[in-house]
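All remarks here apply to the structure that follows.
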Amino acid sequence: MEVHNLAFCSGVLDSLAVELKASKDFSKLYAGIAILWLHLSLN
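Just so you know, we're using the numbering used here here: the sequence shown kicks off at 13 and counts up by one.
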């Protein structure tokens, strides 16, 4: 399960990095962190 979580986290962070470079919108970063925290807390 840890490997799955790491893969999920890295995928989320990669997509967030792309979004932030494109838009410079930090609300997306906070939303992504909240989604990531929720996913990890449920597992």
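The C-beta atom is built at its ideal place from N, Cα and C for all residues, glycine as well.
Supposed close pair residue 54, residue 21 - CB separation, criterion 8 Å = The Cβ separation is near 14 Å, so there is no contact.
Among 50, 19, 29, 52, nearest to residue 41 - alpha-carbon criterion = 29
Under three-state DSSP, which class holds residue 17?
-> helix
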